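>
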Amino acid sequence: MVETYCALRTVAPTRNAAYLSIGGISLLSASPETYFTVRGRHATTSPIKGTRPRSMDPAEDYLVKRELETSEKERAENLMIVDLCRNDLSQVCVPGTVTVSSLHRVETYSTVHQLVSTVAGELLPECSAADAARVLFPAGSMTGAPKRSAVQILERLESAERGMYAGAFGYAGAGNLTLAMTIRSIVIDGNGVHIGVGGGITSGSVLDQEIAEVGVKAAAMLGVLGASPNPYLYTE
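Its first residue numbered 1, the sequence shown is counted upward by one per residue in this note's numbering.
1) What residues are listed by DSSP as bridge partners for His-194?
2) Assign Gly-192 to buried or exposed, taking buried as 16 or more other Cβ atoms, counted over all protein chains shown, within 10 Å of its Cβ.
3) What are the residues that DSSP puts in a beta bridge with Gly-173?
4) Taking buried to mean at least 16 other C-beta atoms within 10 Å of its own C-beta, is Glu-236 buried or exposed?
5) Going by the CB atoms, is the gap between Asp-88 and Leu-136 shorter than 7 Å?
6) Between Val-119, Asn-78, Leu-28 and Ala-130, which lies nearest to Thr-202 when the distance is taken from Cα to Cα?
7) Consult DSSP for Met-181 and reduce its assignment to one of helix, strand or coil.
8) Can Leu-68 and Arg-86 be called in contact, C-beta distance under 7 Å?
9) Once the 5 residues before and after Ala-129 are set aside, which same chain residues still bring their CB inside 8 Å of it?
10) Ordered along the chain, which non-local residues of its own chain (more than five positions away) have a Cβ less than 7 Å from that of Thr-14?
11) Alpha carbon to alpha carbon, how far is Leu-63 from Gly-223?
12) If you scan the stretch 76 to 146 from start to end, which runs of the alpha helix (DSSP H) of 4 or more residues do you find wholly inside it?
13) Evaluate the contact criterion for the stretch 144 to 156 versus the stretch 183 to 198: three or more CB pairs, one atom per stretch, below 8 Å.
14) Given a cut-off of 7 Å, decide if Val-100 and Val-119 are closer than it, judged by their beta-carbon atoms.
15) For Ala-212, which three-state DSSP category applies?
16) Would you kindly work out how many angstroms separate the C-alpha atoms of Asp-61 and Leu-225, rounded to a whole number?
17) Could you spell out the range, first to last residue, of the beta strand (DSSP E) harbouring Val-38?
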């Protein structure tokens with residue numbers, strides 16, 4: 001299992017990589033998304049919305065990156081979640097301190113480009129890091145907006161429970177907190193091996209593109225497991 005995690009780290013290196021084995025459940029994660037951090041009283045959340053597969057050709061890879069950066073659909077979807085995060089943080093932060101410190105930046109990883117934004121604020125004196133995490137959860141990037149209605153729709157449409165997928169993992173101490181989203185992760189338990197992947201659906205979504213994006217997100221995990229790709233995940 002450790003060898004599999006090391007292989008995942010090699011093919012998909014990220015700053016939020018983690019290997020956890022607790023109570024018969026193992027998590028092998030190469031998560032690129034920093035869900036929530038608290039340093040002192042300063043809180044940040046950095047939702048990811050927008051993904052493109054990288055190209056081996058540098059010129060084409062640059063064009064793919066620029067296309068993601070300028071995509072009206074992806075920027076609108078990202079902004080929708082940024083607004084949701086601003087609303088969530090405003091419930092636990094000092095009025096007037098919640099700001100968008102970074103909007104629509106592209107982060108590049110070994111296999112994908114991602115569209116990322118960061119929302120920050122100063123926690124209320126009476127609010128702990130744990131209080132803030134409870135308010136933000138579930139993450140808007142994993143539910144959509146409006147959050148309550150989106151969660152109700154997901155409960156009706158999704159055929160299985162998400163389990164650890166779309167949750168969070170991390171560490172806390174001395175009042176500080178770092179949580180990453182449980183995405184691009186492998187979960188191993190008594191029932192087998194589980195890989196959770198998904199994508200945001202909007203009125204501008206194109207079916208083949210959304211299915212292809214799911215395939216791109218799953219590729220690294222399937223590869224280190226030696227699994228044959230599910231043909232449903234990929235389209236020509």
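Beta carbons are placed, not taken as given, at the ideal position from N, Cα and C, and that holds for glycine. On a predicted model such as this, the values are computed, not experimentally measured, just so you know.
From the atom records:
1) Val-187
2) exposed
3) Asn-176
4) Here the model assigns Glu-236 a pLDDT of 40, short of 50, so the residue's position is not dependable and the matter cannot be decided.
5) yes
6) Asn-78
7) strand
8) no
9) Val-38, Ala-43, Leu-123, Ala-172, Gly-175, Asn-176 and Leu-177
10) Ala-30, Ser-31, Pro-32 and Tyr-109
11) 26 Å
12) 129 to 136 and 140 to 143
13) no
14) yes
15) helix
16) 27 Å
17) 34 to 39
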